[in-house]
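See below for the structure under consideration.
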Amino acid sequence: MTSRPTGPRRRGELQAKYGTHRATNGHRRVHHGVWEPADTVATPVTRLAAAIIACPDAVATGWLAASIHGHPWPPREFPVELAVGLKRVRRPGITARRYGVPEEQIVTLLDTDGRPLRVASPEWTLFDLARHLDRTEAVVALDGASRMGAGVDVKRAVPALLDRYPGLRGRRVALRRCALVEPATESPMETRLRLFLTDLGLTGFQVQYRTPGLPYRLDFAFPDRMVAVEYDGAGHRSASQHADDVRRWNRLRAAGWTVITVTATLLYRRPDELASHLITALGS
């Protein structure tokens, strides 16, 4: 009995091998004319493998490439983003960028069937994220780069890339966003909160500040004013973690710190209220 392929195939190829009526048995459609085994686990690599069947010679970039390179903070959902040269590609689920990636900026992987998968280099991927995402999400992507695979020093790597390839579209935007990078940031929400502080004109804070005399690091600290700003995320919801947080805040307050705790609700739904708390605490 002929074994079924382990990777994606064009419907026509399956029909030629197994006949019209049995061609897609045990398969699911992922793109127009492209089918993969129904038990395929969706990963960035398997998503790219299916997309390359639909768009041969394309190069993965954006969040798809960043995830393949091990970026720690991809969004829950993101499109299959491909650099397709000058071709016009209109396929649901695929974001096609009409430019090419220099060959020396392409990393080649192999799928389960040994077919090449072309992925933009980490540096080029970050450049694409910097120029195509909105400002906040671009900086989230760039902040996480130091934890991506072997780590990328964005403030050096992306400007060096742009010096090597002058005239690239989006250069100025990418450089402005690289200037906002803070590698010490430990989560996407910390990036968003940091930009919120900056946009309010509240500068002079230190990131991951170690408090003298106490075994704590503060997300954001204004040491000269003894004000701490802490993000309280979903990981702090358990009873034991909350008890630890309360003890931490009490010790900080006893040492003279004003602690402002920020939640996603405050940041996204009540930004004016949060801004008022911060400005009052800092006497701005």
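Per the working numbering, residue 8 is the first one in the sequence shown, and the count goes up by one each step.
Virtual Cβ for every residue (Gly too), placed ideally from N, Cα, C.
Residue 236 is bridged by DSSP to 227, 267. CA-CA distance, residue 258 to residue 154, rounds to 31 angstroms. Residue environment for residue 15: buried (at least 16 other C-beta atoms within 10 angstroms of its C-beta). Residue range 113–117 is occupied by the beta strand (DSSP E) that includes residue 115. For the set 132, 149, 57, the Cα lying nearest the Cα of residue 119 is the one of 57. Inclusion of residue 226 and residue 193 in the CB contact set at 9 angstroms is warranted, their separation being smaller than that value. In this structure residue 37 does not touch residue 62 by the C-beta definition: roughly 12 angstroms separates them, more than the 8 angstroms allowed. A direct Cα-Cα distance of roughly 19 angstroms separates residue 217 from residue 289. In the DSSP assignment, the residues bridged to residue 102 are 88. With contact defined as three or more Cβ pairs closer than 8 angstroms, the segment 173–185 and the segment 138–146 are in contact. Burial of residue 59 is indicated by the presence of at least 16 other C-beta atoms within 10 angstroms of its C-beta. Of the residues assessed, residue 151 falls on the buried side of the cut-off, its CB having 16 or more other CB atoms within 10 angstroms.
Three or more beta-carbon pairs drawn from the segment 63–77 and the segment 38–54 are found closer than 8 angstroms, and the two stretches are therefore classed as touching.
A distance below 6 angstroms between beta-carbons, with the five flanking residues on each side excluded, links residue 164 to the following residues of its chain, in chain order: 130.
Counting only the Cα atoms, residue 111 lies some 19 angstroms from residue 161. In summary, residue 78 is buried, with 16 or more beta-carbon neighbours lying within 10 Å of its beta-carbon over all protein chains present. In the same chain as residue 146, and ignoring 5 residues on each side of it, the C-beta atoms closer than 8 angstroms to its own belong to 184, 187, 188, 198, 202, in chain order.
Judged by DSSP in its simplified three-state form, residue 65 adopts coil rather than helix or strand. When the five nearest sequence neighbours on each side are left out, no beta carbon in the same chain lies closer than 6 angstroms to the beta carbon of residue 231.
For residue 123, the enclosing beta strand (DSSP E) covers residues 123–127. A check of alpha carbon separations from residue 80 across 223, 196, 266, 213 identifies 196 as the nearest.
Taking residue 270 as the centre and dropping the five residues before and after it, the same chain places the C-beta of 239 closer than 6 angstroms to its C-beta, in chain order. Per the DSSP secondary-structure output, residue 96 pairs with nothing in a beta bridge. Looking at the backbone, the Cα of residue 237 and that of residue 94 are separated by about 47 angstroms.
Residues of the same chain with a CB within less than 8 angstroms of the CB of residue 278, apart from the 5 flanking positions on each side, are 203 in chain order. Taking residue 219 as reference, the option from 206, 233, 207, 208 with the minimal CA-CA separation is 233. A residue is called buried once 16 or more other Cβ atoms fall within 10 Å of its Cβ, and residue 128 is buried on that count.
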